[in-house]
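Under the working numbering, the sequence shown has 135 at position 134, and the numbering climbs by one with no breaks.
Just so you know, even glycine gets a beta-carbon here, dropped at the ideal spot from N, CA and C.
These notes concern the structure reproduced below.
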Amino acid sequence: MTTVLISGLGLIGSSLARIMKQSVVQPTILGDDPNDDTSQFLLGQGIIDERVKLLNAASRADIIVLAGPVSVIIKQLTQLATADLKPDVLVTDVGSTKMQVMAASKPLQQRQIAFMGGHPMAGSQQTGARAGREDLFDNATYFIVDGSQTPAQTAQFKACLAPAGLRWVTVPATAHDGLVSEISHVPHVLAANLVNTADHQLKHDAVGLSAAAGGFKSTTRIAGADPTMWTAIMLSNSEAISSQLTTYVEQLKQIQAAIDTHDSAKIYQFFAHAKAVRERLDQEEKKQ
């Protein structure tokens, strides 16, 4: 019997537990979360088998999944570096940035404890254990950053998540952080900025944001995500995010100049290129 300890039972951690319960591995799942309501809900639903504290139960686990914010993951890696652990345990995480996490895992790896960086590219604007879903990761990309895990440990972890039909991609930490900044972190900044700017500009308008239709709501859906988590992400990947925001500002200035000068050719090309890229993404999604 495989025992999995998941620390952090919010949207991602509780979804992982749900998926693992559907796998042929049928692991015993130990859950660590400071929220009493979260833990009782998951116990009552049979999604976790036992509520524990990470450091008290770490010695029982075959796989330890750190599913809190990046700042918490880094702290926990430091704690696990001196904890009593099984010699063949696999420690992994689901943090959305990897360079700081991989650096924090070094003392653990120096003890010959296997660590594998991980990041499932899935989520929701909803938060908490009740928002977790068995299908949250269906056909999603799951990034792996190699640490000191063995092929057998990687295979065991993948088997636990097999019901999701994940696309596993191995990348270096630096490449991962640059990529997710472009396709995930910066879009969250832009969505939040759209909402904040519109709220500021329309706060004295009698109708205001209540008139917002599908386009605005679809574009800004992710602005409803957990601010605590996204603050941690901004701080842990600040260099890549700041650099890419500079590029976005430059691109906005270019389209602004085209609008100011009524340059119809540049305006058309701006939207035509975006349309073509978006349609390509839709086609690729249908193939999966």
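In this chain, the alpha helix (DSSP H) harbouring valine 196 covers 187–203. Serine 185 and serine 239 do not touch by the CB rule: their CB atoms are close to 15 Å apart, not below 8 Å.
In this structure, serine 8 places its C-beta atom within 8 Å of the C-beta atom of glycine 69.
Assignment of histidine 177 by DSSP, reduced to helix, strand and coil, places it in the helix class.
Rounded to whole angstroms, the Cβ separation of valine 146 and valine 172 is 6 Å, and the two are in contact under 8 Å. At the C-beta level, alanine 84 and leucine 56 come within 8 Å of one another. By the neighbour-count criterion, in which 16 or more other beta carbons inside 10 Å mark a residue as buried, methionine 2 falls on the exposed side.
Here alanine 123 has Leu137, Phe138 and Ala141 as same chain residues with Cβ atoms under 6 Å from its own Cβ, once five neighbours each way along the sequence are excluded. Under DSSP, no beta-bridge partner is assigned to arginine 279. Taken through DSSP and simplified to helix, strand or coil, threonine 39 comes out as helix.
Secondary structure at serine 16: helix, using DSSP grouped into helix, strand and coil.
Going by beta carbons, phenylalanine 42 and alanine 132 fall outside the 8 Å limit. Within its own chain, the residues whose Cβ lies closer than 7 Å to the Cβ of alanine 199, once the five positions on either side in sequence are excluded, are Leu210, listed in chain order. Here aspartate 34 is buried: its Cβ has 16 or more other Cβ atoms, across all protein chains shown, within 10 Å. DSSP lists Thr93 as the beta-bridge partner residues of methionine 117.
Here arginine 281 is exposed, its C-beta having fewer than 16 other C-beta atoms within 10 Å. Check the Cα spacing between valine 95 and each of Gln270, Phe158, Ala59 and Arg52: the tightest is with Phe158.
Secondary structure of phenylalanine 217 (DSSP, three-state): helix.
With a contact defined as Cβ atoms closer than 8 Å, aspartate 89 and threonine 4 miss out at about 12 Å. One alpha carbon belongs to phenylalanine 144, the other to alanine 174, and they sit about 10 Å apart.
The continuous alpha helix (DSSP H) containing aspartate 261 extends over residues 239–261.
Rounded to the nearest angstrom, the Cβ distance from glutamine 77 to leucine 91 is 15 Å, too far for a contact under 8 Å. Counting only residues of its own chain and dropping the five nearest sequence neighbours on each side, methionine 100 has a CB closer than 7 Å to the CB of Ala174, Thr175 and Asp178. As the crow flies, the alpha-carbon of alanine 58 is around 19 Å from that of arginine 112. Just measuring C-alpha positions, the residue of Ala193, Pro121 and Thr128 sitting nearest glycine 166 is Pro121. Annotated as distal: leucine 246 and threonine 220, with beta-carbon spacing of 8 Å or more. DSSP places phenylalanine 144 in the uninterrupted beta strand (DSSP E) bounded by 142–146. Beta-bridge analysis with DSSP links aspartate 33 to Ser8. For isoleucine 74, the uninterrupted alpha helix (DSSP H) segment begins and ends at 71–81. Taking the Cα of lysine 54 as reference, the smallest distance to any Cα among Gly32, Val25, Lys107 and Ile65 is reached at Gly32.
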